[in-house]
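K.L.:
In the working numbering, the protein residues as written are 465 to 703.
(1) Tell me whether the segment 511 to 522 and the segment 536 to 549 touch, counting them as touching only if at least three CB pairs, one residue from each stretch, are closer than 8 Å.
(2) Rounded to a whole number of angstroms, what is the C-alpha to C-alpha distance between residue 731 and residue 618?
(3) Using the three-state DSSP reduction, which class does residue 473 fall into: helix, strand or coil?
(4) Please state whether the Cβ-Cβ distance between residue 630 and residue 585 is less than 8 Å.
(5) Does the structure place the segment 482 to 494 close enough to the segment 515 to 522 that three or more beta carbon pairs sit under 8 Å?
(6) Please state the DSSP three-state secondary structure of residue 678.
(7) Measuring straight from C-alpha to C-alpha, what distance separates residue 603 and residue 614?
(8) Is it buried or exposed for residue 672, if we count other Cβ within 10 angstroms and need 16 for buried?
(9) Could you check what DSSP says for residue 510 in three-state terms: helix, strand or coil?
(10) By alpha-carbon positions, which one of 664, 474, 503 ends up nearest to residue 636?
(11) Give the C-beta separation of residue 667 and residue 626 to the nearest angstrom, bearing in mind that I take them to be a contact with Cβ-Cβ under 8 Å.
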């Protein structure tokens, strides 16, 4: 049963649904694009699961056998748990209600095949907003240097780190990845309908050799700001 502020949405892939709450942080198109970009098998970790939408799509779309979805905020933990159960994915996705820095309580370092994350993009500000939204958007609990350090520590050599990040800070991200032995191997940017580059999505490999494949930009919006229908057909429903 839906609670006050909640709504049920169709993810337009194999009957998957998602509950969102207008009072919490709601996912956007970047989560959809990242979910389609992730590939792998065996064990994966999501850093900052939010409502669970990325883990749910990745579980349905890939050969990954088990996902541990880390989420630090109690309000989002409750919503994530509800969404995992709504889609009957309890055997494939396990919610870990803890700070990802404590991951070694749950798995061994160097044991993970894939890590994926749509982390906070922005440095901490004095902008007034709810605590839930602030932690989701700003580096309050997950600074960039912690994100890349933890991802690298989790991964096996040759393991993959998939991430979506604001394009204006991609140089910081590349530097932080390199510092933590993560080599970016695949990269593309998203554009809004006005030709402005907004986000960077990449795959980095732990201990990978230098050399990156750069894909064409992906246009995600119409000029009026609405998401393009092809975002669903190309990046969710189609192979």
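Yeah, the Cβ is synthetic: ideal placement off N, Cα and C, and Gly gets one too.
P.N.:
So, from the data block:
(1) The segment 511 to 522, when compared against the segment 536 to 549, does touch it at the 8 Å Cβ threshold.
(2) Only positions 465 to 703 of the chain appear in the structure, and residue 731 is not among them; the question remains open.
(3) DSSP, reduced to helix, strand and coil, places residue 473 within a strand of the structure shown.
(4) Cβ distance < 8 Å, so residue 630 and residue 585 count as in contact.
(5) The segment 515 to 522 makes contact with the segment 482 to 494; the number of CB pairs closer than 8 Å reaches 3 or more.
(6) Reduced to three states, the DSSP call for residue 678 is strand.
(7) Cα to Cα, the separation comes out at about 15 Å.
(8) Burial call: buried.
(9) Looking at residue 510 - three-state DSSP - the assignment turns out to be strand.
(10) It is 664.
(11) That pair is a contact at about 5 Å.
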